[in-house]
Structure formats: structure tokens, C-alpha cells
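Presented below is the structure to which this report refers.
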Amino acid sequence: MNRKILYFLTVLNVFLFSGINAQVAAPELRCVSVTSPTSTVLSWIIPPDPSNLFTQYQIWSSPIQTGPFAIIGTVNSYTQTSFTQSPTNADLQSQYYFVTTVSGTNTSVPSDTLRSIFVTFSNPNGVVSLNWNAMHTPLLPSSSLTYTVSREAPPGTWTTIYTGTKQNYKDTIVICKVYYNYKVEIADNSGCTSVSNIPGDTCYNIQAPNVLILDSVSVNPNGTTTMGWPPSSSTDVTSYIIYESAGGFLTPVDTIYGYNNTSFTYTLPSAGSGSEGYCIAAADSCGNYSIPSLTHNTMFLKTTYDLCSRTASLTWTAYSNLTKSVLRYDVYCSINGAAPVLVGTTGNTTFNHAALTPGFVYCYTIRVWNTDQSISASSNKACLTANGLPGPSYAYINSVSVNANKQVEVTFSADNSNPYKGSNIYKSEDGVHFTKVDFVASSTVTPLTYTDRDVSPTEKNYYYKIVIADNCDNPGVSSNISKTIVLSVSNDNDNVFYNNLSWDDYSSWSGGVNSYNIYRAVNGVFDPTPIGNVSALTRAYVDNVQDFVSAQGKFSYYVEAVEGSGNIYGFMDVAKSNPADAYVEVNVFVPNAFAPKGQNSIWLPIAQYVEKTDYKVMVFNRWGDKIFETHSDTEGWTGDATTDEVYVYLIEYKNARGEYIQLKGHLNVIR
19 MNRKILYFLT
29 VLNVFLFSGI
39 NAQVAAPELR
49 CVSVTSPTST
59 VLSWIIPPDP
69 SNLFTQYQIW
79 SSPIQTGPFA
89 IIGTVNSYTQ
99 TSFTQSPTNA
109 DLQSQYYFVT
119 TVSGTNTSVP
129 SDTLRSIFVT
139 FSNPNGVVSL
149 NWNAMHTPLL
159 PSSSLTYTVS
169 REAPPGTWTT
179 IYTGTKQNYK
189 DTIVICKVYY
199 NYKVEIADNS
209 GCTSVSNIPG
219 DTCYNIQAPN
229 VLILDSVSVN
239 PNGTTTMGWP
249 PSSSTDVTSY
259 IIYESAGGFL
269 TPVDTIYGYN
279 NTSFTYTLPS
289 AGSGSEGYCI
299 AAADSCGNYS
309 IPSLTHNTMF
319 LKTTYDLCSR
329 TASLTWTAYS
339 NLTKSVLRYD
349 VYCSINGAAP
359 VLVGTTGNTT
369 FNHAALTPGF
379 VYCYTIRVWN
389 TDQSISASSN
399 KACLTANGLP
409 GPSYAYINSV
419 SVNANKQVEV
429 TFSADNSNPY
439 KGSNIYKSED
449 GVHFTKVDFV
459 ASSTVTPLTY
469 TDRDVSPTEK
479 NYYYKIVIAD
489 NCDNPGVSSN
499 ISKTIVLSVS
509 NDNDNVFYNN
519 LSWDDYSSWS
529 GGVNSYNIYR
539 AVNGVFDPTP
549 IGNVSALTRA
559 YVDNVQDFVS
569 AQGKFSYYVE
579 AVEGSGNIYG
589 FMDVAKSNPA
599 DAYVEVNVFV
609 PNAFAPKGQN
619 SIWLPIAQYV
629 EKTDYKVMVF
639 NRWGDKIFET
649 HSDTEGWTGD
659 ATTDEVYVYL
669 IEYKNARGEY
679 IQLKGHLNVI
689 R
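Just so you know, we're using the numbering used here here: the sequence shown kicks off at 19 and counts up by one.
Here it is, written out as C-alpha cells:
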């Protein structure tokens, strides 16, 4: 029968047959503490007793929850709050306790039954396993919810090793041989603490350290290999063993001593010639070795170079067993020994780097990153020299001239000792931003000439440069940049006999500009001999055309730049400006009278700068009859057989600009 039911019936029987109505309640049992292997202390809170009915407290105990319970002691002091059981079996097994209060001949209902905390102890495989029971299920409302596990070592020194709600704990032994005692405690808000029995034994560390996680293995620029790892989670570790992994076999290469020594550089590998695998194990002070970590294989980078595309093709071995897996590979490149820069990112193990410059040295490394970017590792360094096909050693613009059709002729030379595909022609209007306009195939003939018809050379300058294309159609050497000369000519408004020329400088020649020749055309025909020569610093010239009044009045000019000596290729060339025209306005003097029989017996208009082939003079009488006509500016009218005194003349001619002009007027004949 249940213990509480039994006591309830007992109290009820006493109440019914004794006629006593008053009774002091049982105290609130709060703590059971095993204070030594032979004694246990029970702590309680005394019950109210306003009528002074208290007789004694009775302490009951049983090794099993269902009883039978036996009185193991009494307390006759109402204010006493504890009882010590000695001897006790609580160090051998858990004991159950409750307390009743006797008031005269009456006995109270029992208090809550509390169970002493009994800790079981085992030490398999170097791990102490502790398990214990709760004092009450559920815990008393006044009880703490957490247990405190303490360990004694050395004797007299207790260290807390666990605080929590669990009723078990595993203590890994990290010392080779040690004697440990353990106890479990739980507090009550009344101020007392329940304490378990204290089991103990000699403990041995026979458990291997935990498996390490190798962070990364990187290849250094000098070919050595560096690896790193976090300290072991097993605190008794004293050294780390480095293994090289190849073909399924592990070969120890070194041992690193010290718990916090967590990096190693291997100076004897050949990571520059192939991928290498490494792993690591931990050893504790007892000589226990962990299982080796997962093997990390270095990334081995190889490069190949395509001569025509000028592209480096990179391939590398995938990084294996990176913690949290691979996020990406970054490709770094150092050019001619400069600091490496990022040139690309990929999720694959291949990458192409294009548009390499011939003659430059390119060195590449790969850096791998894990998914949260907390770990990275580097490959070996792989270098190559970007070669190009052996094309011309130079390209040079001999001259940029404007021809008579106002087209630009670019004359250029190239070294043809090595074969090449041809020359790309580039044009610019500002000397900075160039656009490809044409391609000229290679030839054994030199120099070559390119004619640019899409130009307005009288309005603006044009700049040109040549870029050689090798047999792969890659750009090779570039030429100098040369600029056209723009010539402007104007007629002096104050003196029609002077034409003013101005131009800008020519550029550029290896030998520089020595001087400028000025050429003139009269009636559309250029004199092969220059009319003047000025120094390289002079940009203007004035031409007196008074001697050419008999010409039609159109004058054309061009300026020719003459190269100086010292050209590095031995050339000496000339470059022509655009042709520019000047028009002298016609000045026609017409006499308004003459005397056929007097001193001025011939009527002859005087015309300067008139187109002779389209010149015509006619004289009409008052009835409109033409009585004189000539097409010569030297033939005059004699007035023969004139009868009237006033006549009309009409002069027709074409000026220098090609415009047809008519002059009309009256002519008086003096008798």
C-alpha cells in the first residue's frame, strides 16, 4: 500500500478515536546532503505552531521509494532545522527521506519525500561517465533548476566542471593517470544545498585526441608549402605530426611541438611541379595519437601560351577538402615583377588571360576561397613570357601631303626584313583619339602610299599613324604620328597686288622641319620652282602679284615642308600643304570719250586680271546696231565712219572666280 495512504489512514483513525482536532504540520523538507561516507544531513523549514502543540519531529527513511519506511531518528526541539543520519548508506545507494511532526498523540501528514543524490561513476576509454538522480520529480518549486558538478584534484581542491539541467556528464581525462573525486550539488532558495555522495577512482587518459581540421595548404612564391590549423579541441595535446599523403600512403615529414603552434612551412616539397597532399594528426602527453585529418591537396597551376591570340591559358588542380567547400577561385597576375593584381574570378579550374603584350613577363597564382570567405589558400606561381611573331622592327610615316585633288597622301615605310600581314591606317582630328580607317597589305616595295579621300584638308588638320599587323593579325610596332599642314591665303583689301599666306607647322619627322618652300600657280599652272623659302619657325609669306595683271587674277599656292638632316632611318622627305587659292578682283578702266581725229584717236578699255578667252567688247549706235566688236584686250575702236556723237558700249568678261561680268556705258565721240 502507498506510504502516504497508509499514514493518512493512521492519522484519520487517530482523529476519529482520540477526539483531538489540533495538529502541527510536517516541516518542509528541502535538502539532503551526503556530508561524508558515514553521514547525511537533512534540512527543513519548521512548520507554524501557534498553539505550542509540537512534541517532536520523526525522520523516516527507506532505500526504495515504495518503502517500507522506518524511523531513523527524532528531533525534540521545535526550532531545530536539520538532522544528521550517521551511519548512513547514502554513499552506497540513493536513500529516500520524509519527516512528520508529532503533536501529543497525533502525527502529521508526511512532508515531501526527498531522495538523496547518488552519483554513479564509470571510466571507460578515458572518459568518466557520471549519472545521478533528481531529489524530487518534479523538482521542488523552491529548488534551483541547475546542477553543479565538481571535481576534486588535488585533494582538498574542488573545481566546477559543469553547470546545467542534465542529470549526466562525461569528463574526458586529459592526464595520463590521476585520481579524481566527483560530487553533484543543487541549491534551494531556503539557503541549504543538497550534495551527492562522492565517488572517485584512478582515471587514465586512454582516449585519442579529437581529429583535427586542417584549415588550408598554400604554396608560397618560393615553392615552399605552408599549412595552418586551429588548436586541437583536446587540451592535452602537446604536438602535431605533419604527414605527406601520396598514393594512399602517409609519410610523416615533421613534428611541431606546442599546443598553440598551429602552422608549418615545409621547405622540401616540389609543389611547383605537381599537386601535393598533406594531412595532420595530434598527439597528447600520454602518447595517444588522433586519427589524421582529411588530406588537403595543393593547387598545381600550369600555363600555356597561344602565339597568335596572345592568350595565356591557365589550368589547375581543384583544391580538395576545403572547410565549408569552395566558393570561387581568384586569378592574380604580376606583370614584369610588379605587385600581383586580380585579373579574374571563376568557379572552374580554367581561365584565359587575353591581350598580352609581347616581351612582357606574366606570373600567375590562384587563390581559393571557402563559402564564408574565412579561409583561403594559394597555388604555386607559374610564369611565362608573352612572345609575338617576329614582324617589322619599325614603322615610319615619311610624309603626309595634300595632293592637287585635295586628298591626303600618307607615305610610309616599314622594316620588311621579317614577314608581316600589313599596316593598319589610323586617323585622328585631335591627335589623341584615333580611328582605324583602312588596311594596306604588306609589300616588298617601300615606301607605300595610302590616299585618304574622306577629308577636308583646307578646313582642318588630320593626324595619322601606322600600326603594323603581324601574320596573326596582332598589332605590332607603331609609327610616329604625322599631321597635315593647313594653308590659308587671302588678298590684301588695301592693296590688291598682295596675297597673304599663313600656315601651321608640320609634324612630325625624325629629322624635324628644316624650312618651308612656297609654290605659286598663275592661270592654273604651278611653277616648279618655289617663289620663296622661309625658315622652320616662319609661318607666313606675302606674295606681290603686280607683275601678273595680264593674267586672269586667280593665284594658287601650296607650302612644302622640307625635312632636316638626322633622320634615324636615313630618310629626308617633303610634305605638301593643301592648295589654296587667292582671287584678285578685276579693275577695268573704260574711257568715256575719244577724238578719232585728235590726239586720243583710239578708244581702248584697259582691263587687269581678266580671263582673255572670254573677253568681248562691243559698240552700238543709237539704233542698236553693233558697229564694233573685239575679243582682244589690246584691240581698240578707231571710230571710223562715225556720224553720231554718243554711242553705247557693252563689255563682257569672266573674272578670276569664273563669274561672268557685264559693263555698260555711253561713249562720246569728239569731232
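Heads up, the beta-carbon is just placed ideally off N, CA and C, and yes, glycines get one too. Given the structure is predicted, the values throughout are model-derived calculations rather than measurements.
Contact under 8 angstroms by Cβ, C221 with V196: yes
C-alpha gap between A171 and S263, whole angstroms: 42 angstroms
Backbone CA spacing between S496 and N434 [nearest angstrom]: 14 angstroms
Within 8 angstroms, strictly: CB atoms of A301 and I259: yes
Residue of Q564, S251, S553 and V608 minimising C-alpha distance to E578: S553
Cutoff 6 angstroms; reference V580; Cβ partners in own chain excluding five residues on either side: N532, S533 and V592
Beta-carbon proximity of I231 to T341, cut-off 8 angstroms: yes
Cα-Cα separation between S3 and Y575, rounded to whole angstroms: For residue 3 there is no data in the structure shown, the boundaries of the chain being 19 and 689.
Every unbroken beta strand (DSSP E) within the region 61–92, with a cutoff of 3 residues, ordered by chain: 74–80
Own chain residues within Cβ distance below 7 angstroms of D67, not counting five before or after: V42 and Y96
Residues of its chain near E663, where Cβ-Cβ distance is below 6 angstroms and the 5 sequence neighbours each way are ignored: V687
Residue closest to T211, alpha-carbon to alpha-carbon, out of Y198, T178, T166 and N238: T166
Buried or exposed (CB count within 10 angstroms, at least 16 for buried), E294: buried
For Y114, the nearest candidate out of S129, R385 and S257 (CA to CA): S129
Enclosing beta strand (DSSP E) for R48 [first to last residue]: E46 to S54
Cβ-based burial, I484 [other Cβ within 10 Å; buried from 16]: buried
CB of Y380 within 8 angstroms of CB of A404, strictly: yes
Cβ contact check for the region 621–640 and the region 583–592: 3 or more pairs under 8 angstroms: no
Local conformation of P142 per DSSP, three classes: helix
Nearest-angstrom Cβ-Cβ length linking T429 and T467, presumed shorter than 8 angstroms: 5 angstroms
Neighbourhood of H684 by C-beta distance below 8 angstroms, restricted to the same chain and skipping five residues each side: N610, V664, Y665, V666 and Y667
Under the three-state DSSP convention, the category T181 falls into: strand
Close-in-space but distant-in-sequence residues of the same chain around Y307 (CB under 8 angstroms, 5 per side omitted): A226, P227, I259, A299, A300 and A301
Cβ neighbours of S208 in the same chain (closer than 7 angstroms, five flanking residues each side left out): R48, I63 and S160
Cβ-based neighbour list, P249, same chain, cut-off 7 angstroms, excluding 5 preceding and 5 following: Y277, N278 and T280
I669 versus K594: straight-line alpha-carbon distance, rounded: 40 angstroms
Burial state of L30, where buried means 16 or more other Cβ atoms lie within 10 Å: Caution applies to L30, whose pLDDT of 44 falls short of 50 and renders its modelled position unreliable; the model cannot decide the point.
Simplified DSSP assignment, three categories, for N31: Low local confidence applies: a pLDDT of 44 at N31 is under 50, so the model's placement there is unreliable, with the coordinate-based value given in what follows. Helix at N31.
Reduced DSSP category for Q6 - H, G, I as helix; E, B as strand; rest coil: The question about residue 6 has no answer here: the residues shown for the chain are numbered 19 through 689.
Reduced DSSP category for Q570 - H, G, I as helix; E, B as strand; rest coil: coil
Assigned secondary structure, T99 (DSSP; H/G/I helix, E/B strand, else coil): coil
Beta-carbon gap between Q76 and T92 smaller than 8 angstroms: yes
CB contact flag (G542, N673, <8 angstroms): no
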